[in-house]
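Asker: Residue numbering for the sequence shown follows my numbering, starting at -10 and increasing by one per position.
Quick one: this structure, given as structure tokens, is what I'll be asking you about.
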Amino acid sequence: MTGSRQHVWRLLPSASPSAITSAMLRILPLNPESLAIAGREIRAGRLVAFPTETVYGLGGDATNGAAVAAIFEAKGRPRFNPLIVHLPETGAARAMGRFNDMAETLAARFWPGPLTLVLARRPDAGLSELVSAGLDTVAIRVPAHDGARALLHVADRPLAAPSANRSGNVSPTTAQHVADELGDAVALILDGGPCPVGVESTVVDVSGDTPLLLRPGGVPLEDIETALGRSVPVAGVADAIRAPGMLESHYAPGLPLRLDAGHANPGEALLGFGPAPDATLNLSEAGDLREAAANLFAYLRELDRPDFTGIAVMPIPEAGLGRAINDRLRRAAAPRE
Ligand code: AMP
Ligand code: MG
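Written as structure tokens, this is what we have:
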């Protein structure tokens, strides 16, 4: 935050700092100078709001778990839903997700553009676990907007970017909407004018043998069906297993979870939070919720092995990101159907 303000003052040499409103400090017209600043902010793990052809995105480095956690924090999301990873071209997408024939067809026809593909995630994708909310899939989009593409190139990172609004509010289609919604949570807002499409991307799951429409959006379903030469079912409640966030036990590890534990019982692994010398793994020794969120899914996976009889989890405060962490832990601890 402090770093970005200094940069901005350098860009606006004639304005005295006291005359600059906080909104002016954060919104910059999209140009090579502001893009260079934005690229540095992203690489430093901070968040940048930027225009795409659909809506404004709240972008952070998708390889940096703490940056991804900061996105959830800024949006005030009560749950960890998986985020869309934005990439500059299809080649980069092939390195992160597995492309079958359907994925190749849709990418060739609609990328760059307002289509998101849910793909099986490559183990060596280098993405944070939190970006997929612990799933084995990853949602990828190659945007068409020149400003978004320029940011992807200059930042040189895959960008995790949900819509740049507070959770539950409508998606922003101007830089001012973003400023009104997110205030200080972003280091910088790149102003590229109103978004031309104005609705979110269409999300199609092509991770399995049959395609599934998870969310209608900028690319009409009919066009997708024409490209694939088959009908594409629309996800309903019965498909909850593929539309994360709806399912109580989807994220459950094989081992039973015991929440709010003070210590591990014999045989249990202890997942710590805060000072805990006996912890098998510690989400954050410093008690930092952002760090804990970034580690959550990777550590649950790591402890989920037959050497233990269960996983005891120390208490996490029910505030800020702690709510989303506890939501996920409670789902993981819920009895199986
Ligand atoms: P937003 O973050 O607001 O752009 O919304 C992202 C959409 O993509 C939501 O509907 C998510 O549920 C969906 N999504 C993202 N990643 C995945 C995934 N791995 N599997 C299924 N749906 C996903
Ligand atoms: Mg949204």
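Beta carbons: idealized from backbone N, C-alpha and C, even for Gly.
Note that the structure is predicted; figures quoted are calculated from it, not measured.
1) Whole-angstrom Cβ separation of residue 151 and residue 73, contact assumed at under 8 Å?
2) Which residues mark the beginning and the end of the alpha helix (DSSP H) in which residue 57 is found?
3) Is there a Cβ from chain D that is less than 8 Å from the Cβ of residue 202?
4) Nearest to residue 206 by alpha carbon, out of 39, 77, 36 and 99?
5) Could you compute how far the alpha carbon of residue 67 sits from the alpha carbon of residue 308?
6) Note down, one range per segment and in chain order, each alpha helix (DSSP H) of at least 4 residues found wholly within the region 277 to 326.
7) So for residue 143, helix, strand or coil by DSSP?
8) In chain order, what residues of the same chain have a beta carbon less than 7 Å from the beta carbon of residue 69, not counting five sequence neighbours either side?
9) My understanding is that residue 191 touches residue 292, with C-beta atoms under 8 Å, so please give their C-beta distance in whole angstroms.
10) Got a sec? Which residues, its chain only, sit under 7 Å from residue 92 by beta carbon, not counting five neighbours each side?
11) Where does residue 191 fall in DSSP's three states?
12) Can you give the Cα-Cα distance for residue 268 and residue 306, rounded to whole angstroms?
13) Which residues, in chain order, sit with a beta-carbon under 7 Å away from any heavy atom of ligand 2?
14) Does the beta-carbon distance from residue 149 to residue 49 come in below 8 Å?
15) Please confirm whether any heavy atom of ligand 1 lies closer than 7 Å to the CB of residue 70.
Answerer: The relevant details are as follows:
1) 7 Å
2) For residue 57, the enclosing alpha helix (DSSP H) covers residues 54 to 64.
3) Within the model displayed, chain D is absent; a lone protein chain is all it includes.
4) 99
5) 10 Å
6) Residue ranges of uninterrupted alpha helix (DSSP H) with 4 or more members, entirely inside the region 277 to 326 and ordered along the chain, are 278 to 292 and 310 to 322.
7) Three-state result, residue 143: helix.
8) 61, 119, 122, 313 and 317
9) Rounded, the Cβ-Cβ distance is 37 Å, inconsistent with contact.
10) 106, 108 and 195
11) strand
12) Per the coordinates, the alpha-carbon of residue 268 lies some 17 Å from the alpha-carbon of residue 306.
13) 151, 152, 154, 160 and 189
14) At a Cβ-Cβ threshold of 8 Å, residue 149 and residue 49 count as neighbours.
15) yes
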